Amino acid sequence: MTDFSEWFHNILEEAEIIDTRYPIKGMHVWLPQGFKIRKYTLKILKEILDEDHEEVLFPLLIPENELAKEAIHVKGFETEVYWVTHGGLTELNEKLALRPTSETAMYPMFSLWVRSHTDLPMKFYQVVNTFRYETRHTRPLIRVREITTFEEAHTAHASREDAAKQVENAVEIYKTFFNILGIPYVVTKRPEWDKFPGADYTMAFDTLLPDGKTLQIATVHNLGQTFAKTFDITYETAEGAHEYVYQTCYGLSDRVIASVIGIHGDEAGLFLPPEIAPYQVVIVPIIFKKGSEEVMEFCRNLEKTLKSKGIRVHFDDRDIRAGKKYYEWEMRGVPLRIDVGPRDIANKKVVTVRRDEKEKEIVDFKPENIAEDVKSILDDVTRNMGDKSWKSFNNEVRSVETLEEASEKISKYNGIISFGWCGDEACGKELEEKINVDILGIQGEIEDGNVCINCGKPAKHVALIAKTY
Ligand SMILES: Nc1ncnc2c1ncn2[C@@H]1O[C@H](COS(=O)(=O)NC(=O)[C@@H](N)CS)[C@@H](O)[C@H]1O
Ligand SMILES: [Mg+2]
Ligand SMILES: [Zn+2]
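Per the numbering used here, the very first residue in the sequence shown carries number 887; after that it's consecutive.
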């Protein structure tokens, strides 16, 4: 893991997650293994969102005049929007944008849909591909030009308080999601100069990749009434007056898959949380000359039993050395392996090997219990993964008293540094310049008596800084 970027690119290829040879920079092909991981990851997220959101699907193309309506928003995306100018040989009389995000696709429709306060709150989401002509260094899954797994939620509310509450609900939704995947995070309020174009404020989730740089893995925006006024989204109050709605939007992307791969991976390759692993269990027969048919029979039955209980299991009956199988399934991140030899069968045992522990466990084999036993091992693997990743994450969050200390810690470890900050934009920008970091944002208030580590004025907030992707 010394060179994380090289490790990351290699494992994407070796574990057949995506194929980066597609002839458009920043656009890649999801291969079957990767597609399954993506499918299971989205399944978890959608189950959470479906609790109180409706899933919808909007067109990919946005008319230029709609995209341009919200001046700050379009300014923020003008260098990133892809345009369609022709339909066949016919030049279009209006350019069409490929959605970089869908506010300006959705909100003209919200204006038609929202009539009365009884229509509120409205909470929609969609999982689509979005397109951003990223000019900075593109990286597979991390900074792409086609964001293939873009989950975006958009809500409308009758009051400022309801919208602020929805921001908190959205933060909880993403915390639940990341916790299931064992992805650690800090949540901060982005500084004014780094919020979503057109938003009142942005809450962001940042995780740490093994190279100690942070990756923004989700964002929640309070849009206030800005877009409602631009797109005329009003509702009739109970008293018959007309009010603009208050809105939020929140989203995440392929970066979630990048984080699972980067954070749980190790020298042996991938290590996938059981919830999203294409194979949760792989069965490897230990073949000797005699007794091999009995072993194969046993493994086939074991596979059938586990499959019948909904476990994603694979019986690897290839005629190759067991060692080669061990290597391959570890590299592919299968959370649990079960080895079966003739002696084990005789002793009514099987050998389990967890991906997170090297030593083998001998467990009693009872056909009626084995599926439950396997499920409880997988649950323990999930818990252990999360504990381990949070522990190493928290070790990389350091607090400092002075700018020199901040600079020293960052250059030595990267990671996340916290300290008192006055909150003033000029001071913040100067601080970023001085020690070549990004201010991730602020985390709540700081008790009186603290001074800003850059300008010495009274500190108002706890601020976090890091080197970022
Ligand atoms: N080029 C990119 N490649 C991969 N992921 C990206 C890229 N650009 C943004 N993201 C991810 O997408 C998330 C949402 O994008 S965003 O611009 O912050 N927010 C929006 O677009 C809002 N409409 C909420 S969906 C970001 O937090 C980031 O995790
Ligand atoms: Mg961007
Ligand atoms: Zn200051």
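For each residue, glycine too, the CB sits at the ideal point set by N, CA and C.
Here the structure is a predicted model, which means the values were calculated and not measured.
- Excluding residues up to 5 positions away in sequence, P1160, Q1166, V1167, V1168, T1238, V1239, R1240, R1241, V1260, I1263, L1264 and V1267 lie with their Cβ nearer than 8 Å to the Cβ of L1222 in the same chain.
- Here DSSP, grouped into helix, strand and coil, assigns F1091 to strand.
- In this structure, DSSP gives R1218 a state outside helix and strand, which the three-state scheme calls coil.
- If you ignore the 5 residues before and after I948, its C-beta comes within less than 7 Å of the C-beta of L982, A983, R985, T990 and A991, all in its own chain and listed in chain order.
- Rounded to the nearest whole angstrom, the C-alpha separation of H972 and A1044 is 40 Å.
- If you ignore the 5 residues before and after T965, its C-beta comes within less than 8 Å of the C-beta of Y1019 and T1021, all in its own chain and listed in chain order.
- Around the beta-carbon of E1254, fewer than 16 other beta-carbon atoms lie within 10 Å, marking it exposed.
- Residue pairing of W969 in beta bridges, as defined by DSSP: A983.
- Ligand 1 has a heavy atom closer than 8 Å to the beta-carbon of A1039.
- Using a Cβ-Cβ distance cut-off of 8 Å, the stretch 1345-1352 and the stretch 1312-1328 are in contact, since at least three pairs of beta carbons, one from each stretch, lie closer than that value.
- Nearest C-alpha to R1269 among G1309, I1066, M1089 and F1091: I1066.
- Measuring C-alpha to C-alpha distances from T1134 to each of A1042, R1207 and F921 identifies A1042 as the nearest.
- The Cβ neighbour count for H1023, taken over all protein chains shown within 10 Å, is under 16; the residue is labelled exposed.
- Looking only at E892, I910 and P918, the smallest Cα-Cα distance to R1218 is reached by P918.
- Going by DSSP, R924 is part of the alpha helix (DSSP H) stretching over P918 to L935.
- Per the C-alpha coordinates, the member of E1311, E1318, I1321 and Y1355 positioned closest to K1346 is E1311.
- When Cβ pairs closer than 8 Å are counted between the two stretches, the stretch 1099-1117 is seen to touch the stretch 1125-1134, the count reaching three or more.
- Put simply, the stretch 1136-1154 does not touch the stretch 1178-1187. Fewer than three CB pairs are less than 8 Å apart.
- Taking the Cα positions, S1145 is about 12 Å away from I923.
- Residues lining ligand 3 by the Cβ criterion, that is a Cβ closer than 5 Å to any of its heavy atoms, are C1308, C1313, C1338, N1340 and C1341 in chain order.
- Between G1148 and P1070, the CB-CB gap reaches or exceeds 9 Å.
- Cβ contact annotation for K1295 (same chain, cutoff 8 Å, sequence separation greater than five): R1284, V1286, G1301 and I1303, in chain order.
- The C-beta distance from C1313 to P1344 rounds to 12 Å, too long to meet the 8 Å contact threshold.
- With at least 16 other beta carbons inside 10 angstroms of its own, R1141 counts as buried.
- Between T1116 and E956, the beta carbon gap of about 5 Å places them in contact (Cβ cut-off 8 Å).
- For the stretch 1149-1202, the continuous beta strand (DSSP E) assignments of 3+ residues that do not extend past its boundaries occur at 1167-1171 and 1199-1201, in sequence order.
- Short of 6 Å from the beta carbon of F1174, and not among the five residues preceding or following it, lies no beta carbon of its own chain.
- The beta carbons of A1257 and I1162 sit about 20 Å from each other, so the pair does not count as a contact at 8 Å.
- With contacts defined by Cβ atoms closer than 9 Å, V1013 and K932 form a contacting pair.
- Restricting attention to beta strand (DSSP E) runs no shorter than 3 residues, the stretch 1206-1265 encloses them at 1222-1226, 1235-1240 and 1247-1250, ordered along the chain.
- By the neighbour-count definition (other C-beta atoms within 10 Å, threshold 16), L935 is a buried residue.
- Secondary structure of N1322 (DSSP, three-state): coil.
- Taking non-hydrogen atoms of ligand 1 into account, the C-beta of C1185 is found less than 8 Å away from none of them.
- If only uninterrupted beta strand (DSSP E) runs of at least 3 residues are considered, those enclosed by the stretch 1105-1144 are 1120-1122, 1128-1130 and 1132-1138.
- With a cut-off of 8 Å, the C-beta of H1107 is classified as near ligand 1, since at least one heavy atom of the ligand falls inside that distance.
- DSSP places Y993 within a helical segment (H, G or I) once states are collapsed to three.
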